[in-house]
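One structure below.
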Amino acid sequence: MVYGVITYLLRDNEVLLVYKKRGHGAGKWNGPGGKIEKENPVEAAIRETKEETGVEVNNPELCGIIEFYDVYEQDWIVYIFRSEEFSGEPKESEECFPRWFHLEEIPYHKMWEDDKIWLPLVINKKYFWAKFWFKDEKMLKYNLQEMSKEDFLSLQKEFLKI
Numbered sequence: 010m011v012y013g014v015i016t017y018l019l020r021d022n023e024v025l026l027v028y029k030k031r032g033h034g035a036g037k038w039n040g041p042g043g044k045i046e047k048e049n050p051v052e053a054a055i056r057e058t059k060e061e062t063g064v065e066v067n068n069p070e071l072c073g074i075i076e077f078y079d080v081y082e083q084d085w086i087v088y089i090f091r092s093e094e095f096s097g098e099p100k101e102s103e104e105c106f107p108r109w110f111h112l113e114e115i116p117y118h119k120m121w122e123d124d125k126i127w128l129p130l131v132i133n134k135k136y137f138w139a140k141f142w143f144k145d146e147k148m149l150k151y152n153l154q155e156m157s158k159e160d161f162l163s164l165q166k167e168f169l170k171i
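Residue 10 is where the sequence shown starts when you use the numbering used here, and the numbers rise one by one after that.
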């Protein structure tokens, strides 16, 4: 199992996405993110966003937990964060280039197939837990459960060791 994070920065009806130039998700738009190293998910969300965009995230809020099965023949658990508290202007890195998208112009057709299912929940300040099954980058099926904040806080205790 691989553990990762994705962070979505939100401001004035816009979301910051990054176009991945290499590595996992190359050629797709996504939120800044990557693998969790010797750190907790919050620390990873802050580090990955800084590395990929130069933006310093403050108080990222965990809002989703997604289990991905058979993504590049590896299973992943990905912690989804959102934040409206950050400083700095996004800058291109070796790995990706960032761009603000108006919420009505999110390029779902150039993103992972599952993003259109759960990203609206992130944007609308909802909480969720989901499982997605893929084969050769094609989504086979999924199960998504939107939750109250209280139920989500209980669930995250099972997944996090913060």
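Ideal Cβ positions, reconstructed from N, Cα and C, are used throughout, including at glycine.
Name the residue from 19, 11 and 12 whose alpha carbon lies nearest to the alpha carbon of residue 96.
Of 19, 11 and 12, the residue nearest in Cα terms is 19.
Do you know offhand how far residue 111's Cα is from residue 23's?
Computed Cα separation, rounded: 4 Å.
Neighbourhood of residue 12 by C-beta distance below 6 Å, restricted to the same chain and skipping five residues each side:
Once the five neighbours on either side are set aside, the close Cβ partners of residue 12 are 45 and 86.
Within the segment 94 to 141, ranges of the beta strand (DSSP E) (whole runs, at least 3 residues):
For the segment 94 to 141, the full-length beta strand (DSSP E) segments reaching 3 residues or more read 105 to 111 along the chain.
Would you kindly report the start and end of the unbroken alpha helix (DSSP H) that includes residue 86?
It is not in any alpha helix (DSSP H) - residue 86 instead sits in the beta strand (DSSP E) that spans 83 to 92.
Apart from the five residues just before and just after residue 106, which ones in its own chain have a Cβ nearer than 6 Å to its Cβ?
Correct list, in chain order: 28.
Below 8 Å on the Cβ atoms is my guess for residue 155 versus residue 130; work out the distance and round it to an integer in Å.
6 Å between Cβ atoms; contact.
Near residue 35, what residues of its chain come up, given a Cβ to Cβ distance below 6 Å and the 5 sequence neighbours on each side ignored?
Leaving aside the five residues that flank residue 35 on each side, the residues in its chain whose CB is nearer than 6 Å to its CB run, in chain order, 29.
Let me know the secondary structure DSSP gives residue 166 once reduced to three states.
Here DSSP, grouped into helix, strand and coil, assigns residue 166 to helix.
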